[in-house]
Every structure is written in structure tokens, then in C-alpha cells.
Amino acid sequence: MRADARRAYHVARTDLLVRLRSRKLLVFLGVVVYVGYLINSGSFGVFYTVADGPSVNGALTAHLVGLNAGMAGSTVMLLGGFYVLRGTVERDERHGHAPILASSRTSGPVYLLGKLGSNVAVGVVTAAVLAAAAVINHAIHGVGPTTPVVIVWPVFVMVVPLTALVGAVAVLFGTVDLLSGTLGRVAYFFGAVFLVGGQMFRPETALPAAVPATVKALDVVGLTLAYDLTLESIRTAVPGFDGGYASFGTGGTNARTFRYEGGPWPAWFFIQRLGTVVLGVAVTAAAAVPFDRFRTTTPGPLARVGRLLSPGPVIGRLRSPREESADAGEGAGGGSPAIEEVSLPPVTQRGAGGFGRVVGMELRRLLRDQPRWWYLGAALLVAVPSGVALTGGDTGLARGLLPLVSVWPLFVWSRIGSRTARHGIRPQILASTYPVGQLLGEWVAGCLVAAGVGSATFALLTLATGPAALLGAAGAVVFPPSLALVAGLWTGSPRLFEALYLALWYVGPLNGGAVADFVGVTTRGVSTGVPLAFAAVGVGAVVVAAWRRQVYRTVF
Amino acid sequence: MRLRTETLGKRYDGTTWGVRDVTLSLGAGVHGLLGPNGAGKSTLMRMLTTVTPPTEGAIYWEGADVTESPGAVRAVLGYLPQEFDTYPTLTLEEYLEYVAALRGLDAETADARIGALLELVNLTDVRSRRLDTFSGGMHQRAGIAQALLNDPELLVVDEPTVGLDPEERVRMRNALADTADDRVVIFSTHVVADVEATADTVTVLEDGRVVTHAEAEELIRSVEGDVYECRVSPSALEGLREEYRICNTVRRADGVDVRLVAEAAPTADAEAVAATLEDAYLETVEHAG
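Residue numbers (the numbering used here), protein chains in the order written: chain A, 8 to 563; chain B, 33 to 321.
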């Protein structure tokens with residue numbers, strides 16, 4: 008037992024050391040601190056809508072700043088933390104550390120618990136940074152005395168237990184082939200959004216005591232907790248306040264202000280956070296079932312199901328004895344033709360292939376090995392609007408399909424930009440005839456996929472609304488591959504792209520937020536040229552990426 | 033055809049020189065690059081292949097400055113990096129087609145070259161297999177095939193025989209040597225025997241600088257007559273180590289067989305033997321250190 012604890016500790020410690028030296032964690036902490044700043048400087052925060060009157064928000068007392076920072080940290084950890092925490096198991100495989108672990112006495116569950124420990128430690132680091140920033144925020148922007156302890160402890164109590172759950176899900180997804188790629192990241196995004204949305208199941212004017220237990224249990228961000236804690240203060244400022252949703256936002260103009268000076272926290276919240284930790288450990292234990300520490304080609308039952316649906320194996324796995332002995336059979340030295348018998352045809356034209364061939368190869372690489380359901384979905388997204396257009400059906404369908412055609416190719420776009428670094432191909436590309444052409448070829452291939460999947464929908468929309476719809480098509484075709492390329496090149500991973508893109512897609516194409524409507528789903532977005540602006544930013548980013556790809560910075 | 037470097041240097045982090053003051057002139061043939069770990073071999077190769085720009089100095093291919101117009105050398109370049117990798121989900125054939133496109137070959141030429149090269153590296157049977165199912169040796173041979181795809185005039189191969197079984201190692205180094213008549217082949221390895229068997233010239237790097245650049249025979253001649261073998265007791269071996277450059281030791285039941293470089297016979301029963309490139313290399317590095 009003690010030896011296992013020591014092993015888990017060292018797995019966690021090593022993993023944390025690797026992470027603390029990564030740029031990705033720094034970026035994440037920067038985002039956390041910035042969101043904390045927005046909330047604790049009054050730019051953005053929690054407010055309550057009051058029937059027949061202006062909304063109400065809180066004066067930035069130390070207690071409220073601590074609570075706000077806890078909610079901000081929980082929100083960022085829930086929505087963005089997963090993308091930072093995941094990849095810990097895959098990293099060991101990628102860096103060739105997995106075989107050493109697999110041949111050690113460290114069991115699968117102990118190894119995974121160590122990984123969970125590392126994730127929780129990242130949560131502690133995040134909470135510490137956020138809490139320190141919140142103290143500074145209060146000293147500058149707050150009201151009343153700056154009491155560090157009342158600011159710091161809510162952050163830790165709210166953020167760290169949530170990290171245990173998010174980190175455990177990240178570990179679980181890393182052990183199941185089906186969920187270890189883009190599908191897992193997309194599925195998590197929707198799951199997290201659903202979890203936040205769960206707070207909306209609360210009756211609109213229910214007082215804290217009447218809020219259903221299920222809603223409290225799902226209060227991962229702390230909205231119901233904040234409501235519970237601040238209700239009396241709100242009632243002091245707004246006599247007769249009979250309950251209402253807490254929301255994140257600016258709170259509108261002329262908002263009234265309540266002053267929250269602390270008070271005992273409800274027991275249900277501590278129970279809920281404790282349950283979150285227990286659930287996190289349980290999820291990690293469950294991850295040991297599909298986790299195949301030897302990663303041979305004979306997967307466990309769950310992994311086998313995953314393999315049936317997934318596009319390909321996790322990289323860096325150990326080879327089975329059959330594969331290891333391949334040298335002794337196929338492709339081995341025995342029976343090979345003598346060198347002098349092999350006639351190598353000369354190459355007379357070295358530039359004959361051209362850029363078009365590079366694009367073709369990149370397109371094949373991007374489309375290679377997608378799961379069957381992806382091809383089926385893409386085919387349906389072309390066939391259904393085509394059928395509607397040919398039969399003279401309801402052209403309004405096109406607007407409904409736009410969000411779908413702008414997210415379906417995500418699985419393809421995720422392969423842009425990052426894979427050359429991830430698979431160590433960069434030296435071969437830089438030494439080739441097309442070091443910049445390869446990058447542009449990837450991008451063009453991504454645009455072609457976007458255009459292909461969305462072609463029928465764009466055509467139908469143009470029939471329905473006129474040529475203005477083509478502006479949306481330009482944004483939908485150009486922007487996503489551009490973002491994928493730049494984010495992938497910068498981070499060497501598809502995760503940043505996926506997190507950013509899904510957030511933008513959620514606000515713009517799905518919910519109709521005009522400011523992020525890069526596909527032209529809203530009339531306002533099209534009329535103000537938002538898709539075109541996104542397309543222009545995309546092209547600009549690609550030009551910068553192509554410039555950086557040049558080793559000698561000469562002409563393209 | 034000729035590759036020239038003039039006072040070539042690469043500095044990392046603003047202070048540490050990976051390669052310094054390298055001036056070479058290499059014509060058609062095989063040129064072996066030897067040196068201890070961290071000597072700067074891979075850094076030099078990365079500069080020669082335009083993967084990383086030099087901090088100082090210049091590289092000329094056929095008289096043209098590579099740092100000014102890298103495209104000229106890239107068009108005729110074949111490169112096997114030390115940490116060669118591939119897209120694991122592609123088949124071998126798909127991967128080679130991909131590299132052929134990046135090398136500017138049209139489909140017809142690419143098909144013909146791929147077929148012949150797969151025969152050369154003996155991977156024809158597995159051309160349709162995914163690369164993530166390849167063993168280390170097969171993976172390395174795939175790397176050699178991709179380096180030869182465009183019939184390069186300048187072929188730079190960094191540790192090409194790593195992971196190959198003895199039979200394939202000999203076959204691959206012979207393949208490189210046999211095709212070297214009409215191209216410049218730069219061949220880096222830690223296996224000195226591979227260089228001895230194939231190279232026309234040998235360059236030894238130490239701490240980023242060239243300590244020797246000579247024909248292989250000339251380098252061997254420099255220690256000819258100074259290489260001895262003798263059998264000594266284990267206790268006597270330490271004394272020899274302090275006094276001479278020990279090239280090799282083999283434990284025997286009645287002592288230790290020692291191969292060393294010395295100006296005169298180190299023991300009464302020591303026997304002068306023919307020098308090898310390894311003897312010359314070890315002696316060169318010893319003196320440089």
C-alpha cells in the first residue's frame with residue numbers, strides 16, 4: 008500500500024514537473040487570471056434579474072470577490088481545463104515512456120491515480136494563481152478591507168474539487184481510443200455546456216430552500232451557491248426580491264447594488280464538492296478497465312469496442328510479438344533481390360508534380376482514416392440540401408443546417424497544422440521542394456473539405472437569400488482551416504484550435520451571436536460583414552504562418 | 033557537383049556553439065561524418081539540408097549560395113534525419129507518394145521510383161501496410177527509401193543503419209555506396225566500420241569543430257604500424273590504459289586481449305596488426321580532446 012502510494016506520488020510529481028514547464032499551462036493560467044480580473048474589476052460579473060426593475064449586482068467586497076473568483080475559476084476549469092488536463096496518458100506513450108512504465112511494478116490503477124494527482128495539482132496551482140490575482144484585484148478595485156483569507160479559501164474550495172472530476176474525465180478519455188481524439192474533445196464540450204445549462208432547470212423564482220437537490224448537485228460553477236449565499240444581501244438592497252436566475256454578464260445599466268459581507272456556507276455545497284472528488288476517484292478507477300498499459304494490438308473489451316469505431320490506434324503503443332517479429336518475416340533480409348539487380352529509374356523533371364499534387368496528397372492525408380460515421384454524415388450534409396434544392400422543398404432548411412456543416416469538418420480540420428510537429432515530419436518538409444507549399448497545401452485541403460461538406464447548404468441558402476449568402480460561405484470555408492493551421496502550428500496540438508473553435512461556434516453559428524457569426528447564420532452578421540472579417544483574419548493568419556515557415560525568410 | 037561550406041557555424045541560445053568554423057569542400061562520392069555524441073554532426077546536417085539556418089558562414093551548392101536561394105538545393109536533396117518519423121496511419125506506399133509530391137515528382141515518375149526503391153530496401157511485400165505496424169528496422173528502411181525518392185544529387189543521411197539487422201545494415205550501406213558515383217552522399221554514423229566500408233573521405237567533428245578531414249585510407253595510414261594487440265592480465269590492463277590509447281578489449285579465460293595504439297610495442301609479446309579506421313578515429317578524437 009505504502010509502495011503504491013509512493014509510486015502514485017512519483018507518477019504525479021513527474022507529470023506535474025513536465026506540465027509546469029509547458030507554455031500551454033502558462034497560457035491557461037493567463038486566461039484564468041484574465042477572467043478573474045474581468046469579474047473582480049466590475050467589467051463583468053454575476054447579476055440578478057429583478058422583475059419590473061433594473062437588475063442587481065454586488066459591490067466588490069472581499070467576500071464577494073472570493074466568491075466571484077471561485078466561480079470564474081470553476082467555469083474556466085470546467086470549460087477549458089479539460090483541454091489542458093487531458094493528454095497525460097497519451098504523452099507518456101508519445102515520448103516512449105509507456106514501455107518503461109508498462110514493464111515496471113506500477114499497476115494500471117496506481118498509474119492512473121498518479122495521473123489524477125497531477126491533474127489535481129494543476130488545479131491547486133490554478134487556484135493559487137487565481138486567488139493571488141483576486142487579492143490584488145480587490146486591493147485595486149474592491150470596496151472595504153482586503154482580507155486575503157476570505158478571498159483565497161472560496162477559490163480553493165470551489166476549484167480544486169472540480170479539478171478532480173474534470174481531471175478524472177480527462178484521464179478516462181485518454182484511456183479509451185474512441186474518446187482520445189477529436190470526438191472525445193467535442194463530446195466533452197457539449198457535456199460541459201449541458202452541465203452548466205442544468206442550472207436552468209431551477210424554477211425561476213424558487214428560494215434556495217426550494218431549489219431541487221439535483222440542481223444543487225449539478226452546481227459545478229457555483230451559481231446556485233452564490234444565490235444561496237447572497238440572497239439576504241440582495242433582499243436588503245431590493246426589498247421584496249423573490250428569487251431569480253443569477254447570470255454572468257455586465258448586468259445592464261442602472262443596476263442596483265447589494266453588499267455581501269459573508270456568512271456561513273450551506274452544508275449542501277460541501278457535500279456536493281466532496282461528492283465531486285469521490286466521483287473523480289471513481290471515474291479514475293473506472294478508467295483502469297479500458298486502460299491497456301501494454302497497448303498491444305489485442306485490446307481489452309472496451310478498447311476493442313472503441314477501436315471498431317475509432318479511426319486509428321493511439322500513437323506510440325508497444326507492438327505485439329507478431330509485429331515485433333515482422334523483421335523475421337515480411338520485409339526482412341531473407342530473399343531480397345541483389346542491389347545490382349534493382350534498376351532505379353532516373354528522375355528527369357524534379358518540379359513536375361507541382362503544388363496541385365501537394366494539395367491532393369494533403370487532402371488524402373486529412374480525409375484518411377476518418378470513422379465511417381463521419382463520411383456518412385458528410386454525405387448526408389451534401390445529399391439532403393441537394394435533394395431539397397432539386398425538389399423545390401423548403402429552402403429555410405439551409406439556415407438550420409449551417410451550424411452543422413460548420414462543425415462537421417472539425418474532425419478533419421483538427422489534423423491541420425499540428426500533425427507535422429506531432430509526428431516529427433517537419434525536417435522532411437523543411438528540406439523538401441515545398442516547405443511553404445506543404446503548409447498552404449494543408450490549408451487549401453482544409454478549405455476544400457469545408458467547401459465540399461457545405462456546398463449544397465451554401466447553394467440552397469444562396470437560392471433562398473441571394474448572393475449575400477456567399478459572404479457567409481467565404482467565412483465558413485476560409486476561417487476554420489486558418490484557425491486550425493495557426494493554432495496547430497503554434498501549439499503542436501489540435502486542442503487549442505478545438506477549444507477556441509467550439510467556443511466561437513457555440514456563440515456564433517449555433518446561438519446566433521452576430522459578433523462571432525463567421526458563417527453568416529444571422530442577418531445582422533452578414534449585413535455587418537462579420538463572415539468576411541473572419542475570412543480576412545484567417546487569410547492574414549495563414550500569410551503570417553507561411554512567412555514563419557520559411558527557414559531563410561526570403562520570398563515565398 | 034560540389035558542396036562547399038565556408039566558416040559555417042551555428043550558435044544556440046546566443047552563447048553555445050553547436051558547430052563552429054566548418055570549412056569543407058565535398059565532391060561526388062561518400063563522405064563519412066564521425067564524432068562523439070554532441071560533436072555537432074546532426075546540427076551540421078540540418079544546416080546542409082536547409083532545415084536550420086547557420087548563424088555564420090555560408091553553404092554553396094554548385095557555386096550557388098544556399099542561404100540566399102535554398103530552393104536550388106532542396107530540388108536535388110535527399111534527407112534522412114536522425115529522428116526520422118512518419119504519419120503512422122498512412123501505408124508505406126501512401127507515405128512515399130506523399131513525400132514524392134513534396135519532392136516535386138509527378139505521379140508517373142513517383143510510381144516508378146517507389147516500386148524500384150521498395151525492391152532496393154526490400155519492403156515490396158509490405159507496401160500496403162500501415163507504418164504504425166512496422167518494426168524499427170523496417171521503419172528505418174522506409175526512411176532510406178524516402179531519402180532516395182527524387183534521385184537526389186545531394187544525399188544527407190543521419191545514422192541510416194540504426195536499428196537494422198547485420199544483413200540489412202550491410203545491404204543498405206552498399207546501396208548508398210553503389211549509387212554514390214554521380215551524387216554527393218554525406219553519411220553520419222557511430223558505426224565506424226560502415227564508414228570504413230563505404231566512405232571516400234572522412235570528417236571527424238569534436239565540440240562542433242572539424243578536427244580531421246581526409247581520405248579514409250590516409251587517415252588509416254596515419255596510425256599504420258602503431259596498432260598492437262596483446263594479451264595481459266586484468267591487473268596489467270589499468271597500467272596500459274594510463275599509458276596508451278586502448279581501442280578495444282576482449283575478456284578471455286586467461287586474461288584480456290587488448291588492442292591499442294602505441295609508438296612501440298607495449299609488451300614483449302605484443303603483435304603489430306593492420307590498422308582500421310576505428311583505430312585512427314579513436315586516436316584522432318583522443319588527440320583532439
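Don't be surprised by glycine CBs; every beta carbon is placed ideally from N, CA and C.
So which residues on chain A does residue i lean against when the C-beta distance must stay under 9 Å?
i	result
residue 82 (chain B)	437, 438, 442, 558, 559
residue 177 (chain B)	Per Cβ cutoff of 9 Å: no residues; residue 177 (chain B) is ~11 Å from chain A at best.
residue 210 (chain B)	346, 347
residue 148 (chain B)	349, 350, 351, 352
So, under 8 Å CB-CB, residue i and residue j are touching, yes? Tell me the CB distance rounded to an integer number of Å.
i	j	result
residue 255 (chain B)	residue 276 (chain B)	About 12 Å; that fails the 8 Å criterion.
residue 450 (chain A)	residue 526 (chain A)	Rounded, the Cβ-Cβ distance is 18 Å, inconsistent with contact.
residue 163 (chain B)	residue 127 (chain B)	6 Å
residue 368 (chain A)	residue 92 (chain B)	Actually they are not in contact, since the Cβ atoms of residue 368 (chain A) and residue 92 (chain B) sit about 32 Å apart, beyond 8 Å.
residue 147 (chain A)	residue 76 (chain A)	Their Cβ separation, rounded to whole angstroms, is 14 Å, which puts residue 147 (chain A) and residue 76 (chain A) out of contact at 8 Å.
Can you tell which of the options has the C-alpha that lies nearest to the C-alpha of residue i?
i	options	result
residue 72 (chain B)	B:169, B:303, B:239	B:239
residue 57 (chain B)	B:246, B:320, B:85	B:246
residue 392 (chain A)	A:141, A:542, A:465, A:182	A:465
residue 555 (chain A)	A:388, A:385, A:286, A:442	A:442
residue 130 (chain A)	A:204, A:284, A:119	A:284
residue 228 (chain A)	A:175, A:167, A:239	A:167
residue 74 (chain A)	A:270, A:372, A:416, A:475	A:270
residue 63 (chain B)	B:317, B:220, B:173	B:220
residue 215 (chain A)	A:21, A:231, A:526, A:478	A:231
residue 430 (chain A)	A:480, A:412, A:501	A:501
residue 412 (chain A)	A:66, A:219, A:516, A:139	A:516
residue 294 (chain A)	A:265, A:513, A:247, A:180	A:180
residue 384 (chain B)	B:99, B:139, B:125, B:77	Absent from the model: residue 384 (chain B). The displayed extent of chain B is 33 to 321, so no value can be given.
residue 149 (chain A)	A:72, A:509, A:472, A:519	A:72
residue 300 (chain B)	B:274, B:48, B:262	B:262
residue 86 (chain B)	B:183, B:51, B:69	B:51
residue 42 (chain A)	A:83, A:29, A:479, A:175	A:83
Mind checking residue i: buried by the 16 CB within 10 Å criterion, or exposed?
i	result
residue 320 (chain A)	Per-residue confidence for residue 320 (chain A) stands at a pLDDT of 36, beneath the threshold of 50, marking its modelled position as unreliable; the derived number appears in the next sentence. Residue 320 (chain A) comes out buried.
residue 176 (chain B)	buried
residue 397 (chain A)	exposed
residue 383 (chain A)	exposed
residue 80 (chain A)	buried
residue 380 (chain A)	exposed
residue 347 (chain A)	exposed
residue 95 (chain B)	exposed
residue 102 (chain B)	buried
residue 221 (chain A)	exposed
residue 315 (chain B)	buried
residue 489 (chain A)	buried
residue 8 (chain A)	exposed
residue 187 (chain A)	buried
residue 303 (chain B)	exposed
residue 356 (chain A)	exposed
Give the interface partners of residue i over in chain A, defined as CB-CB distance under 7 Å, in chain order.
i	result
residue 151 (chain B)	344, 349
residue 207 (chain B)	346
What in chain B is Cβ-close to residue i, meaning under 8 Å?
i	result
residue 564 (chain A)	Nothing about residue 564 (chain A) can be read from this structure; chain A reaches only from 8 to 563.
residue 102 (chain A)	Ordered by position in chain B, no residue passes the 8 Å Cβ test against residue 102 (chain A), which lies about 12 Å from the chain.
residue 445 (chain A)	134
residue 432 (chain A)	117, 118, 119
residue 359 (chain A)	136, 137, 138, 141
residue 28 (chain A)	Simply none; closest approach about 16 Å.
Please compile the residues from chain A whose C-beta is within a distance smaller than 8 Å of the C-beta of residue i.
i	result
residue 215 (chain B)	Per Cβ cutoff of 8 Å: no residues; residue 215 (chain B) is ~12 Å from chain A at best.
residue 145 (chain B)	351, 352, 354
residue 297 (chain B)	Within chain A, no residue comes near residue 297 (chain B); the closest Cβ sits about 42 Å away, beyond 8 Å.
So which residues of chain B does residue i contact, with C-beta pairs closer than 7 Å?
i	result
residue 365 (chain A)	133, 134
Starting from the beta carbon of residue i, find every residue of chain B whose beta carbon is closer than 9 Å, and list them in chain order.
i	result
residue 426 (chain A)	119
residue 299 (chain A)	Neighbours of residue 299 (chain A) on chain B: none; closest Cβ ~15 Å, over 9 Å.
Chain A contacts from the region 224–242 of chain B (Cβ-Cβ distance under 8 Å): none
When you check each C-beta in the region 112–142 of chain B against every C-beta of chain A, which residues fall closer than 8 Å? 113, 115, 116, 117, 118, 119, 120, 121, 122, 126, 129, 130, 131, 132, 133, 134, 135, 136, 137, 138, 139, 141, 142
Contact list for the region 79–108 of chain B against chain A, Cβ threshold 8 Å: 81, 82, 83, 84, 85, 99, 100, 101, 102, 103, 106, 107, 108
Can you give me, in chain order, the residues of the region 112–130 of chain A that have a beta carbon less than 9 Å from any beta carbon in chain B? none
Going along the region 520–536 of chain A in order, which residues come within less than 9 Å of chain B, judged by CB to CB distance? none
Selection of the region 181–201 of chain B by Cβ proximity to chain A, strictly under 7 Å: 182, 183, 197, 199, 200
Chain A contacts from the region 48–78 of chain B (Cβ-Cβ distance under 8 Å): 78
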